[in-house]
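Working notes, structure below.
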Amino acid sequence: CLPANQERFANGRLVTVQFHPSAQVVMTAGHDRSVSLFQVDGIRNPKIQSIYLESFPIYKARFSVDGEQVIATGTHHSMFFVYDMMAGSIIPIPKVRGVEEKFLRNFELSPDGSFMLLVGTSGYLHLLSMKTKELISTMKVNGRCTATAFTPDSSKIYSYSKEGEVFIWDVRSRRCLHKFEDEGSLEGKCIAVSKNNQYVACG
């Protein structure tokens with residue numbers, strides 16, 4: 001089995017490997033400031049395209065739910081980039097009005113494609129419109145937020161703090177519905193919600 005990215009190996013650490021939601025395409029992105037797309041055929045896995053973001057080591061990249069965009073955040077930047085694959089254009093988002101953050105690294109996209117959640121510093125969660133990339137509202141958790149997850153129906157957000165507290169937010173009202181402590185947690189790192197919405201895994 002050949003490496004998916006054999007036609008262009010990264011020159012630095014890879015931070016993202018993700019399959020396209022509908023096409024036989026895989027994306028890689030990393031600290032070499034590039035996002036690369038490969039056609040997955042199991043034989044050659046030819047490179048479709050690579051884009052280079054100057055002076056922008058990538059922290060995280062994700063396909064939009066409709067598969068038409070790639071969102072990429074950097075390791076030490078307050079801006080992020082949108083790659084419009086249909087138009088072939090790279091769109092910098094230099095400043096989101098109302099978001100005062102030195103770094104914007106981690107983010108999540110809602111399963112229904114409506115929202116982008118930016119994880120800020122000092123416990124701030126910034127909910128953006130996926131369509132306009134404008135701020136809808138900001139929520140605040142105690143401590144530092146290390147991980148977030150939308151429920152499958154996109155109606156709620158689970159946020160996990162470094163101290164091991166889990167907060168459940170209503171997306172429509174942006175109110176905290178409930179919070180609980182992950183007993184035995186030494187340091188919160190990641191969280192996930194099951195597809196049937198009955199279970200939460202965190203650790």
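For the sequence shown, UniProt numbering gives the first residue as 1, with consecutive numbering after it.
Ideal placement from N, C-alpha and C gives every residue a C-beta, glycine not left out.
All of these numbers come straight from a predicted model, not from anything done at the bench.
Checking the DSSP bridge columns, you'll see residue 108 partnered with 117. For the set 40, 34 and 31, the Cα lying nearest the Cα of residue 4 is the one of 40. When the Cα atoms are used, residue 186 and residue 13 turn out to be separated by approximately 27 Å. The stretch 123-130 makes no contact with the stretch 79-87; the number of CB pairs closer than 8 Å stays below 3. Within the DSSP bridge table, the entry for residue 30 names 14 as partners. Collapsing the DSSP output to three states places residue 69 in a strand. Around the beta carbon of residue 172, fewer than 16 other beta carbons lie within 10 angstroms, which makes this residue exposed. In the three-state DSSP reduction, residue 134 falls in the coil class, being neither helix nor strand. DSSP lists no bridge partner for residue 85. The beta-bridge partner set that DSSP reports for residue 19 consists of 26. Looking only at 161, 195 and 178, the smallest Cα-Cα distance to residue 203 is reached by 161. Partner residues in the beta bridge of residue 148, as assigned by DSSP, are 159.
Between residue 65 and residue 32, the gap from beta carbon to beta carbon reaches 9 Å or more. Put simply, of 196, 15 and 198 the residue whose alpha carbon is nearest the alpha carbon of residue 105 is 15. Residue 123 sits close to residue 144, with the two beta carbons spaced by under 9 Å. For residue 92, the three-state secondary structure derived from DSSP is strand.
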